[in-house]
Amino acid sequence: MDAKPEAPGQSTGAEPGLVLISHHILTHQHRSAVSATTSKLAFLCHDLIPTLRPDLVGAGIGETRYGSYLEHFVRIGAPAFCASAEVGATLSDHMRKAGVAAPVVYRFPMPSILHETASRMGATSRIETGEPFVIYCSTIQVRKNHILLARTGGRRWTKASSGRSLSALGAGAG
Numbered sequence: 000m001d002a003k004p005e006a007p008g009q010s011t012g013a014e015p016g017l018v019l020i021s022h023h024i025l026t027h028q029h030r031s032a033v034s035a036t037t038s039k040l041a042f043l044c045h046d047l048i049p050t051l052r053p054d055l056v057g058a059g060i061g062e063t064r065y066g067s068y069l070e071h072f073v074r075i076g077a078p079a080f081c082a083s084a085e086v087g088a089t090l091s092d093h094m095r096k097a098g099v100a101a102p103v104v105y106r107f108p109m110p111s112i113l114h115e116t117a118s119r120m121g122a123t124s125r126i127e128t129g130e131p132f133v134i135y136c137s138t139i140q141v142r143k144n145h146i147l148l149a150r151t152g153g154r155r156w157t158k159a160s161s162g163r164s165l166s167a168l169g170a171g172a173g
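Sequential numbering of the sequence shown, starting at 0, is according to numbering that gives the first Met the number 0.
Right, dumping it as C-alpha cells:
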C-alpha cells in the first residue's frame, strides 16, 4: 500500500501491518474484537453523514454510535482511508471541533462506473444544449445500492434520447 496522506498528521506512506476495518466492523458487534487486536488499526471513511446528519440515517445502534466510535479510533491513532479529499478534510475538521487531534488521512480513489462509461463513449466534455437539463443521482445510506445506482444511471446515459432529460435516482434503506 503506497497511499499518500492528504491531511494533518502526515507520513510518507501507509504503514505495513495495518488492519483496515470497514464501516460495518467500526460500528457493529465485531468492533470490540477488532479493537483488542495487537495490530495497528486503520479505518475506511466513505463519509461522515451518520455523525453530521443523523436525521438522514437509520436509528440503529451502529448509526447512533458511529461518531463516538470514529472519535475513539482517531484518538488511538488509527489512520483514515477516505473516499475523497473532501471527506478527509471534513473528518479532520470534525475531529478538531471535537477536541481530537487530526488523524493521518489517506485518500483512496473511488472508481466511477458512470465516468468510465462516459469516457469510453467520449462523452466527458461539456455538453452544449439548447435547453437546460438535470441529471440527479443521489445516495444517502446503503452502500450496496451505490453500484446499482451507478449502473442504472449508466444505462440511462447510454439510452438517453435527444432533448431534455431528467433522471432522478435514489436509494432507500433496505
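We treat Cβ as the ideally placed atom computed from N, Cα and C, and that holds for glycine.
Check                                                                                                                                                             : Outcome
Report yes if the C-beta distance between G87 and R106 is below 8 Å; otherwise report no.                                                                         : yes
Using the C-alpha atoms, what's the distance from S83 back to S118?                                                                                               : 20 Å
Counting only the same chain and skipping the five closest in sequence on each side, list residues whose C-beta sits under 7 Å from that of V73.                  : M94, V99, P102
Could you tell me the alpha carbon to alpha carbon distance between G59 and E115, rounded to whole angstroms?                                                     : 35 Å
Return helix, strand or coil for Q140, following the three-state DSSP convention.                                                                                 : With a pLDDT of only 47 at Q140, under the threshold of 50, the placement of this residue in the model should not be trusted; the figure read from the coordinates follows. Q140 falls in the coil class under three-state DSSP.
For S160, which residues from the same chain have a beta carbon less than 7 Å from its beta carbon, with the 5 sequence-adjacent residues on both sides left out? : Since pLDDT at S160 reaches only 47, below the 50 mark, its modelled position is unreliable, and the value read off the structure follows with that caveat. Closer than 7 Å at the Cβ level, and outside the excluded window around S160, lies no residue.
With DSSP as the reference, label R52 as helix, strand or coil.                                                                                                   : coil
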